[in-house]
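> Taken in order, the sequence shown gives residues 1499 to 1751; the numbers are from the numbering used here. Glycine included, C-beta positions come from ideal geometry on N, C-alpha and C. The structure displayed is predicted, hence computed values, not measured ones.
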Amino acid sequence: MTQMEGKAALVTGAAAGIGRASALALARAGAALCASDIDGEGAQATARDIIDAGGRAISVPCDVTKADDVSAMVAAAVDAFGRLDAAVNNAGIAGSFEHRLHEADDAMFEQVLAVNLRGVWHCLKAELNVMLPQGQGAIVNIASVAGLIGAPKAAAYTASKHAVVGITKSAALDYAKRGIRINAVCPAYTDTAMAQRAIDGNPLMAQIMARAIPMGRLGQPAEIAAAVVWLCSDASSFVTGHSLVLDGGLAAT
Ligand code: NAD
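(1) Answer with buried or exposed for Thr1738, where buried requires no fewer than 16 other C-beta atoms within 10 angstroms of its C-beta.
(2) Just tell me which of Ala1696, Ile1548, Gly1664, Phe1579 has its CA closest to the CA of Gly1593.
(3) Between Val1628 and Arg1679, what straight-line distance do the alpha-carbon atoms span, to the nearest angstrom?
(4) Going by alpha carbons, who is nearest to Gln1609 out of Ala1624, Cys1621, Gly1590?
(5) Between the region 1636-1643 and the region 1562-1575, are three or more C-beta pairs nearer than 8 Å?
(6) Does the structure place the region 1505-1517 close enough to the region 1535-1548 that three or more beta carbon pairs sit under 8 Å?
(7) Can you round the beta-carbon distance between Ala1653 and Leu1611 to whole angstroms, since I take them to be within the 8 Å contact cut?
(8) Once you ignore the five residues that flank Ile1549 on each side, which residues in its own chain have a CB closer than 7 Å to its CB?
(9) Please determine, among Leu1622, Gln1705, Ser1735, the residue with the shortest C-alpha to C-alpha distance to Ala1565.
(10) Regarding Gly1746 and the ligand NAD, is the C-beta to nearest heavy atom distance less than 6 Å?
(11) Distance check for Ile1706 and Ile1536, CA to CA, integer angstroms please.
(12) Should Gly1747 go down as buried or exposed, given a rule of 16 or more other Cβ atoms within 10 Å for buried?
(13) Is there contact here, the region 1703-1721 with the region 1664-1677, by at least three beta-carbon pairs under 8 Å?
(14) Could you tell me which uninterrupted beta strand (DSSP E) segments, each at least 3 residues in length, are contained entirely in the region 1594-1673, listed from first to last along the chain?
(15) CB-CB under 8 Å to Gln1694, same chain, minus the five flanking residues each way: which ones, in chain order?
(16) Considering only heavy atoms of the ligand NAD, does any lie closer than 6 Å to the CB of Tyr1687?
(17) Less than 7 Å between the C-beta atoms of Pro1719 and Ala1519, yes or no?
(18) Hey, could you find the ends of the alpha helix (DSSP H) Leu1522 is sitting in?
(19) I'd like the list of long-range same chain contacts for Gly1553, defined as Cβ closer than 6 Å, with 5 residues on each side in sequence excluded.
(20) Is it right to say Leu1508 is buried, meaning 16 or more other beta carbons lie within 10 angstroms of its own, or is it exposed?
(21) Report yes if the C-beta of Thr1656 is less than 6 Å from at least one heavy atom of the ligand NAD; otherwise report no.
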């Protein structure tokens, strides 16, 4: 796998789950990697695993809700590698899936929007400021199948992910002639700590998730990461503004 040879990439939320799998897969494909996360130790562990496997990596603690943190993360990647070819805006939270909208907590809504939407906003700005002078770059926002269809008791999360799909389309149009491609991926239930927390909160949730997916199982982080690598690489050179659904058939039902 050399699709990303000679390229530099960053991943937010790289300590765990889909972000960690994407960081490892991009590094295996040849990219030098900036692994960032609000969990600085977790990001460090991901970077260490890449280096132990023979790759190049740094780690940066970064809370994507803070514009200064995000600017510092992008600056650290450019300091280390001299450029930024690909960025995966993955950091996200679920909020609560326990209440209908009228009963849902306002603070939870604010926090979900702050991480899932404003975080992507901050990241796009900082990444574009590096990629525009380069005249080249690929950005992947991690949305969700909940960015395309509704989900009960998940209005805040669903609103944030629909917004990520929208921002992806508009940003793609803004930079289509500037050499920068911006896409999203829309996974359904994927086997990570986020999904596990939902299962822990409701023992029936594992069955509900598996039944909802025509393939009858959760996605694996590596299956999402494979699509992320493709969208970051020149193999997808004519793809921009796209939201790639990775859902075992869920959205087809
Ligand atoms: P996860 O909880 O396993 O990992 C999320 C990572 O993001 C963690 O390492 C966490 O520390 C980090 N993070 C949280 N808040 C942050 C912040 N403010 N700044 C920086 N980092 C922060 O979750 P996951 O399942 O791997 O989810 C990754 C992305 O995929 C999210 O955007 C999520 O919405 C999306 N997604 C997940 C699923 C799923 O079923 N797991 C499905 C569709 C989409």
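Answer, in terms of the structure:
(1) Counting Cβ neighbours within 10 Å, Thr1738 comes out buried, since at least 16 surround it.
(2) Closest in C-alpha terms to Gly1593, from the list Ala1696, Ile1548, Gly1664, Phe1579, comes Ala1696.
(3) About 14 Å.
(4) Ranking the options by Cα distance to Gln1609, first place goes to Gly1590.
(5) The way I'd put it, the region 1636-1643 doesn't touch the region 1562-1575; fewer than three beta-carbon pairs between them come closer than 8 Å.
(6) Because the criterion of three Cβ pairs below 8 Å is met, the region 1535-1548 and the region 1505-1517 touch.
(7) Not quite, the Cβ-Cβ distance comes to about 11 Å (not below 8 Å), so this is no contact.
(8) Spatial neighbours of Ile1549 in its own chain (CB-CB distance under 7 Å, excluding positions within 5 residues in sequence) are listed in chain order as Ala1555.
(9) Here the closest residue by C-alpha is Leu1622.
(10) No, the Cβ of Gly1746 stays beyond 6 Å of every heavy atom of the ligand NAD.
(11) Cα to Cα, Ile1536 sits roughly 30 Å from Ile1706.
(12) Exposed, since its Cβ has fewer than 16 Cβ neighbours within 10 Å.
(13) Judged by Cβ distances under 8 Å, the region 1703-1721 makes no contact with the region 1664-1677, as fewer than three pairs qualify.
(14) Under the rule that a run must span 3 or more residues, the beta strand (DSSP E) segments found entirely inside the region 1594-1673 read 1635-1640.
(15) For Gln1694, where only same-chain residues beyond five positions count, there are no Cβ hits under 8 Å.
(16) Yes.
(17) Closer than 7 Å, so yes.
(18) From DSSP, the alpha helix (DSSP H) with Leu1522 extends over 1515-1526.
(19) The beta carbon of Gly1553 is closer than 6 Å to those of Ala1525 in its chain, skipping five residues each way along the sequence.
(20) Answer is buried; the Cβ neighbour count reaches 16.
(21) Checking the Cβ of Thr1656 against the ligand NAD gives no.
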